[in-house]
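Asker: Just so we're aligned, residue 685 is where the sequence shown starts under the numbering used here, counting upward by one.
Every residue gets a Cβ at the ideal spot worked out from N, C-alpha and C, and that includes glycine.
Since the model is a prediction, treat every value here as computed from it, not as a measurement.
Starting off with a structure, shown below.
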Amino acid sequence: MSEWTKTELAVLHAVRTAAALTSRRVQQDHGPRPNWHRLLENDVLKEVSTVYGPVLTLTERAHDFYEHTGRLRGPGSLADRAYMLDAVRMLEQKGYSLMEYDYKRGPERGTTTGHITRARMGVPPEELRRIHAYWGPERRQGYAPSGRREEQKGEVWLYARCSGGGVQATELRRLLKRHLHDISTWRSPMLIVVPQEVGPLRTFARGHMAKDRALHESMREKRLAGMRDAPYTPDFLIFEQPLPSLVYRPSRAKVGHEG
């Protein structure tokens with residue numbers, strides 16, 4: 685590997701670690717394409733066209749060399765992996781911190797595939813301080829007897845994908861049912877990242893939030909005196925991370941269009 689430049693080695697390490705990264709993210713992090721194009725020419729990396737734009741991943745030859753398991757091959761799987769990683773980066777820029785990824789179960793007991801289903805995120809420090817100030821610090825052990833981490837204050841799940849249009853209203857309903865009790869433990873909203881918050885998803889999300897806030901206010905007087913000022917915590921927050929085809933470009937605008 686001595687013939688590779690530092691930039692090429694950095695790109696190879698980034699893609700190998702991530703399994704899938706958009707070409708635009710690699711260019712943003714490591715410079716223009718000519719700086720690392722030899723990785724493509726020498727069959728180390730390949731570029732796959734996806735709904736999330738061109739995605740870089742290891743070739744089969746490189747996978748064999750590194751003895752990787754749980755490979756991602758389909759354009760949809762590669763796009764979702766790259767989309768999740770970009771969603772994590774976006775939230776890190778907002779103060780959240782990545783704690784762990786959860787992977788789809790494998791065909792054999794105790795195994796997993798390369799598909800990330802969700803990511804556990806720590807809330808921003810200032811939010812965690814507010815949670816602890818009102819609800820007290822976490823005093824539980826943190827891990828179940830099985831070794832799996834328990835749900836705790838200030839630790840929320842992120843769901844993000846772009847295939848099939850991303851998380852839709854039906855899936856959001858299912859996630860709310862799944863995490864019905866977890867959200868009250870987190871004291872912070874579940875995180876959803878989608879290409880667009882439109883249609884039934886937008887309608888359901890707005891309606892649910894309005895009803896939930898109204899219920900919170902209506903219950904205020906029924907709470908114990910010391911709990912009447914309990915802060916309102918939404919069940920979820922939705923962030924948009926558009927597909928390249930949905931990004932507004934002024935050069936394509938018609939005269940009189942306001943961005």
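Please state if the CB of Arg700 and the CB of Tyr736 are separated by a distance shorter than 8 Å.
Answerer: For the purposes of this step, residue 736 is identified with residue 52 of the sequence shown, where counting begins at 1. For the purposes of this step, residue 700 is identified with residue 16 of the sequence shown, where counting begins at 1. No, the pair does not count as a contact, with Cβ atoms beyond the cut-off.
Asker: Which value, in whole angstroms, describes the spacing of the CA atoms of Trp688 and Ala853?
Answerer: Here residue 688 corresponds to residue number 4 of the sequence shown, with the count starting at 1. Here residue 853 corresponds to residue number 169 of the sequence shown, with the count starting at 1. Using only the alpha carbons, I get a separation of about 47 Å.
Asker: Would the beta-carbon of Thr706 fall within 8 Å of that of Val739?
Answerer: For the purposes of this step, residue 706 is identified with residue 22 of the sequence shown, where counting begins at 1. For the purposes of this step, residue 739 is identified with residue 55 of the sequence shown, where counting begins at 1. In contact: Thr706 and Val739 (Cβ atoms closer than 8 Å).
Asker: Any idea what DSSP makes of Asp896, helix, strand or coil?
Answerer: To locate residue 896, count along the sequence shown from 1; it is residue 212. Of the three classes helix, strand and coil, the one that applies to Asp896 here is helix, per DSSP.
Asker: Please state the DSSP three-state secondary structure of Val878.
Answerer: Residue mapping note: residue 878 aligns to position 194 of the sequence shown, counting from 1. Correct three-state label for Val878: strand.
Asker: Is the Cβ-Cβ distance between Thr734 and Leu762 less than 8 Å?
Answerer: Locating residue 734 in the sequence shown gives position 50, where the first residue counts as 1. Locating residue 762 in the sequence shown gives position 78, where the first residue counts as 1. For Thr734 and Leu762, yes; Cβs fall inside 8 Å.
Asker: With which residues is Asp786 paired in a DSSP beta bridge?
Answerer: The residue given as residue 786 occupies position 102 in the sequence shown. In the DSSP output, where bridge partners are listed per residue, Asp786 has Arg802.
Asker: In chain order, which alpha helix (DSSP H) runs of at least 4 residues are fully inside the segment 723-769?
Answerer: 744-750
Asker: Quick check on DSSP: helix, strand or coil for Glu835?
Answerer: Mapped onto the sequence shown, residue 835 falls at position 151. Residue state, collapsed to three classes: coil.
Asker: Taking C-beta to C-beta, are Met893 and Ala844 nearer than 8 Å?
Answerer: Here residue 893 corresponds to residue number 209 of the sequence shown, with the count starting at 1. Here residue 844 corresponds to residue number 160 of the sequence shown, with the count starting at 1. Not in contact: Met893 and Ala844 (Cβ atoms no closer than 8 Å).
Asker: Could you pull out every residue in the same chain whose Cβ sits closer than 6 Å to the Cβ of Tyr827, ignoring the five residues on either side in sequence?
Answerer: For this step, residue 827 is matched to residue 143 along the sequence shown. Same-chain partners within the cutoff: Arg833.
Asker: Which one of Gln836, Ala702 and Thr801 has the shortest CA to CA distance from Ile876?
Answerer: The residue labelled residue 876 in the question sits at position 192 within the sequence shown. Residue Thr801 is the option with its Cα nearest to Ile876.
Asker: Can you give the Cα-Cα distance for Pro873 and Arg722, rounded to whole angstroms?
Answerer: Sequence index remark: in the sequence shown, residue 873 carries index 189 (1-based). Sequence index remark: in the sequence shown, residue 722 carries index 38 (1-based). Rounded to whole angstroms, Pro873 to Arg722 spans 44 Å at the Cα level.
Asker: Starting from Leu696, trace the alpha helix (DSSP H) in both directions and tell me its first and last residue.
Answerer: Taking the sequence shown and counting its residues from 1, one reaches residue 696 at position 12. Here the alpha helix (DSSP H) through Leu696 covers Lys690 to Ala702.
Asker: Whole angstroms are fine: how far does the CA of Ala766 sit from the CA of Ala704?
Answerer: Taking the first residue of the sequence shown as position 1, residue 704 is located at position 20. Taking the first residue of the sequence shown as position 1, residue 766 is located at position 82. Their Cα atoms are separated by approximately 5 Å.
Asker: I think Tyr785 touches Val807, with their Cβ atoms under 8 Å apart; what is that distance to the nearest whole Å?
Answerer: As a first step, residue 785 is located in the sequence shown; it is residue number 101 there, counting from the start. As a first step, residue 807 is located in the sequence shown; it is residue number 123 there, counting from the start. In fact, because the Cβ distance is near 17 Å, the residues do not count as touching under 8 Å.
Asker: Taking the C-alpha atoms as reference points, what is the distance between Gln712 and Ala914?
Answerer: Residue numbering aside, residue 712 sits at position 28 when the sequence shown is read from its first letter. Residue numbering aside, residue 914 sits at position 230 when the sequence shown is read from its first letter. Cα to Cα, Gln712 sits roughly 43 Å from Ala914.
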